[in-house]
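Remarks on the structure that follows.
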Amino acid sequence: DVGGDDAVDSDADQTTGETAAVTVVAGETTPDVDAGIADPVDPETASLGGRVFHDSDDDSLDNGNGDEAAAAGVLVTLLDGEGNEVATAETDAAGAYLFEDLAAGDYRVVFPTDVAGKVLVDQDAGDDDTLDSDAGADGATDLISVGVGEAVRDVDAGFEDPGTASLGGRIFMDANDDAV
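Going from the sequence shown to my numbering is simple: count from 1 and add 1400.
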């Protein structure tokens, strides 16, 4: 009962949700016993995380065979749906990172495009989203929607050797045929 007009205020107790006892006589209408519900406040309990890995077998997957080494110390950036930076995190020894206490909404995770001379693997390779790399060529994921309390743990990025190498030496004429 807030205000002076019982026709428009909430009659329910804010703690218990109960109203005071109301007597309704047969044949009468009692239209002003009501409860108002405020818009819920997002408790900011969502989280987003994943793993950064070095793809050793060139399949663009972190396939759990034990040979995809963790990429520790990688800076990962979280953007909101508008592209504003929300937070940064650094991967741990297992290559894992986590953004916690997020409001429900749309986010994008951004990884570097190069880690220790290795480049990003193909985005969304294979049929299992929990094993693939989610980073595009620019290091950013597609928008990821999280709900209240939702924990998304498969936003990963893989890196591989770019397949470039160099070989050097010298070509010479072995005039005396001694291989030196």
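Using N, Cα and C, we set each Cβ at its ideal position, and we do this for glycine too.
Boundaries of the beta strand (DSSP E) harbouring Ser-1447: 1446-1454, taken from the DSSP string.
In chain order, Glu-1418, Thr-1419 and Ala-1435 place their CB closer than 7 Å to the CB of Ala-1412, counting only its own chain and leaving out the 5 sequence neighbours on each side.
In this structure the stretch 1461-1477 lies against the stretch 1524-1542, because at least three pairs of beta carbons, one per stretch, are closer than 8 Å.
In this structure, DSSP gives Phe-1572 a state outside helix and strand, which the three-state scheme calls coil.
When rounded, the separation of the alpha-carbon atoms in Ala-1472 and Asp-1514 is 13 Å. Classified as buried, Thr-1491 has 16 or more neighbouring CB atoms from the shown chains inside 10 Å of its CB.
Under a 10 Å Cβ-count criterion, Gly-1483 is classified as exposed, with fewer than 16 other Cβ atoms of the shown protein chains found around its own Cβ. Going by DSSP, Thr-1541 is part of no beta strand (DSSP E) at all; its letter is neither H nor E. Cα atoms of Lys-1518 and Phe-1559: separation of roughly 6 Å, rounded to the nearest angstrom. Taking C-beta separations shorter than 8 Å and ignoring five residues to either side along the sequence, the partners of Val-1548 in its chain run Asp-1442, Pro-1443, Thr-1445, Ala-1446 and Ala-1504, following chain order.
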